[in-house]
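Asker: Letter by letter, the sequence shown follows residues 110 to 264 of the working numbering.
Heads up, the beta-carbon is just placed ideally off N, CA and C, and yes, glycines get one too.
Quick caveat, the model's predicted, so the values are computed rather than measured.
My questions will all concern the structure given below.
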Amino acid sequence: MQRRTLLLRAAPLLALASTAAWPLAASAAAPMVEIWKDPNCGCCQDWVKHLNANGFATRVHDDGNSAARSRLGVPARLGSCHTGLVGGYALEGHVPAREVHRLLREKPKAIGLAVPGMPVGSPGMDGAAYGDRRDPYDVLLVLADGGSRLYQGYR
């Protein structure tokens, strides 16, 4: 009888403990991308929305991205209007969420990914505001020596 009483008393505590862990499980499922951008940049905010819609949590710093780009080791020649950090990797520019997920899955030895400039048709630079135009662009893998190589082309 004591065992049954113990189980009946413990059941509500176990249920409470498991529901308290739900937010932790949800946040563990969504990788956090820390982003540095200009506060007045609309395409940057659209890229943040793209990441959120594709399974990422975001923390945005509206104080520019030049210092973050330099600190993370992304060469200035690969620069764009915003810089991110996820899982120890730098993200420069309008990198598609699909490639960020791939990067985190493959874990290459690299600084991160970059989409130099602001190509029309890339996430945040797409949609009706751009006449639904889609220019070709490349996602580059930024290597530790400052070089880069093609990671994925979009045509």
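1) Based on Cα-Cα distance, which residue from LYS216, GLY202 and LEU259 lies nearest to LEU160?
2) Just checking my contact of PRO228 with TYR246 at CB under 8 angstroms: how many whole Å lie between their CB atoms?
3) What would DSSP say about HIS159, mapped onto helix, strand or coil?
4) Taking the alpha carbon of LEU249 as the reference point, which residue from ARG242, ASP241 and ALA199 has its own alpha carbon closest?
5) For LYS146, count neighbouring C-beta atoms within 10 Å of its own C-beta (all shown protein chains included) and say buried if the count is 16 or more, exposed if not.
6) Could you say which of GLU215, ALA223, ASN174 and ALA138 lies nearest to PRO148 if we only look at CA atoms?
7) Thinking just about the alpha-carbon of each residue, which of ALA166, GLY188 and CYS153 is nearest to the one in PRO225?
8) For the region 207–233, list the beta strand (DSSP E) runs that are entirely contained and at least 3 residues long, ordered along the chain.
9) Considering only residues of the same chain and omitting the five flanking positions on each side of PRO205, which have a CB-CB separation below 6 angstroms?
10) Return the CA-CA distance between ALA130 and GLY256, expressed in angstroms with no decimal places.
11) Classify ARG242: buried if its beta carbon has 16 or more other beta carbons within 10 angstroms, exposed otherwise.
Answerer: This is what the structure holds:
1) GLY202
2) 4 angstroms
3) helix
4) ALA199
5) buried
6) ASN174
7) GLY188
8) 221–224
9) PRO232
10) Summary for ALA130: the model assigns pLDDT 43, below 50, so the residue's position carries little reliability, and this model does not support an answer.
11) exposed
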